[in-house]
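Taking full-length UniProt numbering, the leading residue of the sequence shown gets 1, the next gets one more, and so forth.
Built from N, CA and C at the ideal position, the CB exists for glycine as well.
Beneath this line is the structure, given in structure tokens, with notes to follow.
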Amino acid sequence: VLYAHGGGFVCCNSEVLLHSVTAFARAGYVVYSIDYPLSPENRFPTAVISVLKALQFMRVRDNAKEVHLLGDSAGGALVSVAAALLSNRELMADLMKSLKEPINPKYFPDVNRLCSVYGIM
């Protein structure tokens, strides 16, 4: 499980909303909780790229072949955008063109489930 906290993109961290994922950890899931770069100091798509890098870390370091994405509010928006990028090669390619450090799209786990809490989809 990769969890992204809420906070309107401007506040909070994963520690504050840790209760959101405690049940998953107790049920035996490996849970990664990301503290993505906040606005206004960091502009879009910095937080999304942070989520993608976390997913790549999970794949390369821990050989995670699939992942469940979970996010509260703003975090739900971030994991939703990440899932959209991973499922759309053209969209991902457009993002990669704008990056100084491209991310290799072949080193990602498959998204098995997506859950956006308090999000609008």
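Along the chain, where does the alpha helix (DSSP H) containing residue i start, and where does it finish?
i   : result
E90 : R89 to K97
What residues match up with residue i in a beta bridge as DSSP calls it?
i   : result
A4  : I34 and G71
E66 : D110
Quick one: grab the DSSP three-state call for residue i.
i    : result
V117 : strand
V81  : helix
L17  : coil
Determine, for residue i, whether the minimum Cβ-Cβ distance to residues of chain B falls below 8 Å.
i   : result
L55 : Judged by its chain identifiers, the structure shown contains no chain B, having just a single protein chain.
- Fully enclosed by the region 20-60, which alpha helix (DSSP H) runs are 4 residues long or longer? 22-26
- Query: Using 8 Å as the Cβ pair cut-off and three pairs as the minimum, do the region 5-15 and the region 69-88 touch?
  - Reply: Three or more beta-carbon pairs drawn from the region 5-15 and the region 69-88 are found closer than 8 Å, and the two stretches are therefore classed as touching.
- Per the contact definition of three or more C-beta pairs closer than 8 Å, is the region 47-61 in contact with the region 78-98? Yes, since at least three Cβ pairs between the region 78-98 and the region 47-61 fall closer than 8 Å, the two stretches touch.
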